[in-house]
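Beneath this line is the structure, given in structure tokens, with notes to follow.
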Amino acid sequence: MATFVGSNAEFHHFIGPRIRNAVNLFARKGRLSRKGVCEHCNQPNLVLDSAHVTGRGRRHFIDQVLARYTSAGTVRCLMEDVEKEIILAHGDATDAFKFLCKPCHREYDKNTDNYPVNVPASNQAITPHQSDNYRLKLKFNPSNEVDFLAALIEHKTARITMTMQDGSVDTRIWHAGNFGPTSNLRGNLSSGYFRNWRDRGIVEGLIEIVYPR
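For the sequence shown, this note's numbering gives the first residue as 617, with consecutive numbering after it.
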């Protein structure tokens with residue numbers, strides 16, 4: 617059985633396509649059960665897509681499982697076992713996906729507030745994605761971003777705490793050795809640690825400078 621050893625980002629890059637295919641196969645039965653009728657517009661005889669429910673996308677489930685196999689920033693796992701765990705984490709396909717025609721899928725991705733979100737009862741109390749005010753909140757320590765940037769350039773290390781929709785937290789250490797005065801702080805975060813934040817179910821991020829003792 618093959619073993620994966622690498623970073624979270626490397627897992628998504630190299631193993632992610634395999635997981636995507638496995639997830640699509642898992643969703644196939646639920647998609648076919650719609651018999652070509654879009655879950656939103658109810659038009660018949662359509663080719664349907666399997667759209668992950670917002671906030672509970674494929675990356676969300678992958679990261680949730682990988683967290684159990686991550687130590688000091690390195691993921692070490694048996695790929696076959698992790699693939700099975702990611703599929704199991706989806707639960708019932710009708711809870712994890714919406715089966716939509718391509719136009720409705722595009723609209724769903726652009727504006728989920730127009731669509732009812734189908735989530736298990738145990739998660740219904742935590743639905744910030746249903747609000748127009750659902751925006752990723754980033755907090756810095758030091759709170760002034762100019763001061764934060766100066767401290768990051770000097771000390772090169774920050775602690776990133778990501779709060780998820782279900783109340784859990786994911787903490788990472790950011791080694792910013794290449795960060796400089798002209799670097800884009802928020803752009804770097806949004807393309808790195810907070811990439812696809814909505815799909816992963818992140819609602820808030822706290823980024824704190826790690827000072828040497």
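Ideal placement from N, C-alpha and C gives every residue a C-beta, glycine not left out. All values derive from a computational prediction rather than experimental measurement.
Give the DSSP-derived three-state secondary structure of residue i in the structure shown.
i: Met617; result: coil
i: Lys755; result: strand
i: Arg788; result: strand
i: Gly796; result: coil
i: Gly622; result: strand
Grab me the residues of residue i's own chain with a C-beta within less than 8 Å of its C-beta, minus the 5 sequence neighbours each way, in chain order.
i: Arg650; result: Leu664 and Phe715
i: Tyr809; result: Ile776, Met778, Arg788, Trp790 and Gly821
Which residues in the same chain as residue i place their Cβ atom closer than 7 Å to its Cβ, once the five residues preceding and following it in sequence are excluded?
i: Ile702; result: Ile635, Phe677, Ile678 and Val681
i: Pro719; result: none
i: Leu765; result: Leu801
i: Pro660; result: Gly652 and Val653
Are the C-beta atoms of residue i and some chain B residue less than 8 Å apart?
i: Ala767; result: In the structure shown, chain B does not exist; there is a single protein chain.
Taking 8 Å as the threshold (C-beta atoms), are residue j and residue i in contact?
i: Leu694; j: Met780; result: no
i: Phe756; j: Gly646; result: no
i: Gly622; j: Val691; result: yes
i: Trp815; j: Gly673; result: Strictly speaking, residue 815 in this sequence is Asp, with Trp absent from that position. Going by C-beta atoms, Asp815 is nearer than 8 Å to Gly673.
i: Leu752; j: Ile818; result: yes
i: Phe642; j: Ile631; result: no
i: Ala688; j: His721; result: no
Per DSSP, residue i is paired with what?
i: Glu820; result: Lys753 and Thr779
i: Ile825; result: Ala774
i: Leu716; result: Asp665
For residue i, collect the residues of the same chain with a Cβ closer than 6 Å to its Cβ; drop the 5 residues on either side in sequence, then sort them by chain order.
i: Leu662; result: Gly652, Cys654 and Cys717
i: Lys772; result: Ala792 and Gly793
i: Arg675; result: Asn812, Asp815 and Arg816
Notebook entry, point to check: Unbroken beta strand (DSSP E) runs of length 3 or more, entirely within the stretch 632-714: which are they?
Noted result: 664-668 and 690-694
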